[in-house]
Each structure stands twice: as C-alpha cells, then as structure tokens.
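To keep things clear, I will list the structure first and then write my remarks on it.
Listed below in structure tokens is the structure:
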C-alpha cells in the first residue's frame with residue numbers, strides 16, 4: 016500500500032511516496048510550481064475558446080431551433096408555460112369554461128408542483144389578457160414586495 020506526503024513551500028513541491036507497511040521511502044520528486052500559472056492560462060484560453068463553439072454546435076443539432084419560425088394561432092385563448100403539462104392544464108381550464116385568470120392560476124399551481132425551485136409562492140409572472148371587447152391588458156407581477164411589507168416584516172420579527 017502506498018501513500019504520499021506533500022510539502023509546499025510557495026514554489027517547489029516535494030512529493031514522496033512511502034510504503035505503508037514498513038515506512039520506507041520509495042520515491043521522491045520535486046516539481047517547480049512556477050510553470051503552473053502559464054499552464055492554467057493556456058488551459059483557460061482553450062476552454063473559453065472552445066465552449067461557445069461547442070454550445071452553439073449543440074444547439075444547432077438539437078431541436079431547440081426547430082420551431083423558430085412556426086407561429087401558433089389561437090382563436091379562443093392560449094396558455095404558455097415552461098412545462099407542457101402545466102400548459103395543458105391551463106388549456107383544459109379554458110375548455111371547461113374558465114377564464115384566463117382561472118387558467119393562469121391552475122397553470123401556476125401546476126408549475127409550483129413540477130418545478131418548485133423555480134416557481135411558487137413569491138414567484139413572479141407576466142400576463143397579457145385580451146377582453147371580449149378587444150381591449151388588451153398587460154400585467155407585470157414581478158417578485159417585488161408591496162410598500163407596506165417593511166412594516167409587516169418589522170412586526171413579525173419583533174414577535175419572534
């Protein structure tokens with residue numbers, strides 16, 4: 016059985032291997048660490064040079080750009096989420112006679128189940144609603160606290 020000890024004195028490194036059974040030294044090597052920064056610089060250069068090339072190559076080969084120019088036309092409503100199952104739930108709510116807010120709540124609850132780390136209580140949302148009259152409303156529900164939240168938080172922290 017072999018084990019090794021290392022002594023580091025800022026520049027050179029001495030590595031010795033010993034036999035664990037009898038304690039005799041088998042082999043010692045000395046390595047100058049001053050050449051390592053240039054080696055790291057070369058490795059980082061190639062890493063940053065090749066990563067964008069391989070990621071763009073991968074995105075061309077995958078189906079990520081497959082639907083780039085395909086438009087979806089919906090006559091009676093649409094639901095879009097980052098999980099198809101949740102979009103399907105929202106669409107089902109619309110088909111059962113619910114309105115856009117019902118579908119948004121159902122889809123949001125679904126997202127809280129299938130991806131709890133990225134959505135749920137405290138998460139944000141965007142919503143565009145077209146009324147039957149043709150009027151459009153856009154809602155930006157980003158993750159910001161109401162103005163009175165600081166007062167509520169102060170009271171809650173004083174109770175604990």
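Residue numbers (our numbering): 16 to 175. Note that the Cβ used here is the ideal one computed from N, Cα and C, for glycine as well.
{"Item": "When DSSP builds the beta bridges, which residues end up paired with residue 152?", "Value": "144"}
{"Item": "Between the segment 145–155 and the segment 124–133, are three or more C-beta pairs nearer than 8 Å?", "Value": "no"}
{"Item": "For residue 134 and residue 172, I'd like the C-alpha separation in whole angstroms.", "Value": "25 Å"}
{"Item": "Using 10 angstroms around the beta-carbon of residue 115, count the other beta-carbons present and answer buried if the total reaches 16, otherwise exposed.", "Value": "buried"}
{"Item": "Using C-beta distances below 8 Å, list every residue in its chain close to residue 119, excluding the 5 sequence neighbours before and after it, in chain order.", "Value": "94, 105, 140, 142"}
{"Item": "Report the rounded CA-to-CA distance for residue 164 versus residue 170, giving the unit in angstroms.", "Value": "10 Å"}
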